[in-house]
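A.B. asks: What follows is a single structure, and I will ask about it in a moment.
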Ligand SMILES: NC(=O)c1ccc[n+]([C@@H]2O[C@H](COP(=O)([O-])OP(=O)(O)OC[C@H]3O[C@@H](n4cnc5c(N)ncnc54)[C@H](OP(=O)(O)O)[C@@H]3O)[C@@H](O)[C@H]2O)c1
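Residue numbers (this note's numbering): 117 to 327.
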């Protein structure tokens, strides 16, 4: 599958790396060829391609958005025409002061992203844990896989993203439409407060058990 990454820092770079190693054609959408995050991502995996954002996005089937939340609008406006009709994996979270919800829980960040690119199929995924779990998503010794919850309004887009999640080693769990994004964003804040403030292990993930 042809995949573009807008943002390749702590979250984007490991996901881009793993997806390329799984055999996908992965292109980093580069604004700035001197960017430190670009250099680091390429130092880890020289098989990642690099192209200007418009080219990277128009040549891709799936686009990952892994930018600081405040940069989303500028990043998406720069590829507004090219991203129309594509699957957009929103990895971003709005985080406010004192680890509160950055949009005061009035609207989710992903619904805001969807409003910026209304003709794009937004799926929120890869947001409920810290980057440590994207660098290494294997949990040997357990007979269940860590769960990766995702949501979105387009079932075809969610099928694609669910398959990518499974390839990366997670148990994909479709939690519903994009209206669920707000609840995933609160799960993120729960994880962040537990780990970054209360010092639980950053390798802590959730699992799904049913009967
Ligand atoms: N860190 C985590 O553990 C974690 C976990 C889950 C989700 N998230 C969410 O994932 C997103 C990214 O977090 P991160 O920790 O990966 O951030 P990061 O390490 O700071 O990386 C941000 C990336 O976005 C790029 N960028 C910044 N402004 C841009 C713009 N206007 N247009 C295009 N690209 C731009 C940066 O490029 P330059 O280096 O060239 O500036 C960099 O590649 C955030 O929304 C965060 O809330 C983070």
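We put the CB at the ideal spot given by N, CA and C, even for glycine.
For clarity, every value in this text was computed on a predicted model and none was experimentally measured.
Which complete alpha helix (DSSP H) runs does the stretch 245-293 hold, if anything under 4 residues is left out?
C.D. replies: You should have 248-251 and 271-283.
A.B. asks: As a quick exercise: from 231, 147, 206 and 259, pick the residue whose alpha carbon is nearest that of residue 300.
C.D. replies: Here residue 300 refers to the residue found at position 184 of the chain shown. Checked all of 231, 147, 206 and 259; the closest Cα to residue 300 is 206.
A.B. asks: Taking the continuous alpha helix (DSSP H) assigned at residue 306, which residues delimit it?
C.D. replies: Taking the first residue of the chain shown as position 1, residue 306 is located at position 190. Its alpha helix (DSSP H) spans residues 297-308.
A.B. asks: My output table needs one value for residue 127: the three-state DSSP class, helix, strand or coil.
C.D. replies: Along the chain shown, one-based indexing puts residue 127 at 11. Three-state DSSP puts residue 127 in coil, outside helix and strand.
A.B. asks: Return the CA-CA distance between residue 309 and residue 215, expressed in angstroms with no decimal places.
C.D. replies: In the chain shown, the residue the question calls residue 309 occupies position 193. In the chain shown, the residue the question calls residue 215 occupies position 99. Using only the alpha carbons, I get a separation of about 7 Å.
A.B. asks: On a CA-only basis, which of 196, 212, 166 and 139 is nearest residue 234? Give me that one, please.
C.D. replies: Position 118 of the chain shown, counted from the first residue, corresponds to residue 234. Comparing Cα positions, the closest option is 196.
A.B. asks: Do the stretch 235-250 and the stretch 263-282 touch if we need at least three Cβ pairs shorter than 8 Å?
C.D. replies: The answer is yes - the stretch 263-282 touches the stretch 235-250, with three or more Cβ pairs under 8 Å.
A.B. asks: Roughly how many whole angstroms lie between the Cα atoms of residue 145 and residue 256?
C.D. replies: Counting from one through the chain shown, the residue named residue 145 turns up at place 29. Counting from one through the chain shown, the residue named residue 256 turns up at place 140. Distance between the alpha carbons of residue 145 and residue 256: 33 Å.
A.B. asks: Measure how close the beta-carbons of residue 176 and residue 298 come, nearest whole angstrom, since I'm counting them as under 8 Å.
C.D. replies: One-based indexing of the chain shown puts residue 176 at position 60. One-based indexing of the chain shown puts residue 298 at position 182. With a Cβ gap of about 27 Å, residue 176 and residue 298 do not count as contacting.
A.B. asks: Buried or exposed, going by whether 16 or more other CB atoms sit within 10 Å of the CB of residue 326?
C.D. replies: By 1-based counting over the chain shown, the position of residue 326 is 210. Residue 326 is exposed by the Cβ-count criterion.
A.B. asks: Does the beta-carbon of residue 211, which I'm using as the reference point, lie nearer than 7 Å to any heavy atom of ligand 1?
C.D. replies: The residue you call residue 211 lines up with position 95 of the chain shown. Yes, ligand 1 has a heavy atom inside 7 Å of this Cβ.
A.B. asks: Residue 263: which of 269, 287, 248 and 199 sits nearest, CA to CA?
C.D. replies: Here the question's residue 263 lines up with position 147 in the chain shown. With distances taken between Cα atoms, residue 263 lies closest to 287.
A.B. asks: Can you check whether the CB of residue 135 is closer than 8 Å to the CB of residue 142?
C.D. replies: Locating residue 142 in the chain shown gives position 26, counting from the first residue. Locating residue 135 in the chain shown gives position 19, counting from the first residue. Going by C-beta atoms, residue 142 is nearer than 8 Å to residue 135.
A.B. asks: Taking 7 Å as the cut-off, is the beta-carbon of residue 127 closer than that to any non-hydrogen atom of ligand 1?
C.D. replies: Locating residue 127 in the chain shown gives position 11, where the first residue counts as 1. Under cutoff, so the answer is yes.
A.B. asks: Since residue 243 and residue 304 are thought to touch, with beta carbons under 8 Å apart, how far apart are those beta carbons, to the nearest angstrom?
C.D. replies: By 1-based counting over the chain shown, the position of residue 243 is 127. By 1-based counting over the chain shown, the position of residue 304 is 188. Right, their Cβ atoms sit about 5 Å apart.
A.B. asks: Is residue 122 a contact residue of ligand 1, with contact defined as CB to any heavy atom under 7 Å?
C.D. replies: Stepping through the chain shown from its first residue, residue 122 is reached at position 6. Yes, Cβ of residue 122 sits closer than 7 Å to a heavy atom of ligand 1.
A.B. asks: Mapping the DSSP letters down to three states, classify residue 316 as helix, strand or coil.
C.D. replies: Translated into positions along the chain shown, residue 316 becomes position 200. Correct three-state label for residue 316: coil.
A.B. asks: Grab the span of the alpha helix (DSSP H) containing residue 232 for me, first residue to last.
C.D. replies: As a first step, residue 232 must be located in the chain shown, where it is residue number 116. Here the alpha helix (DSSP H) through residue 232 covers 225-232.
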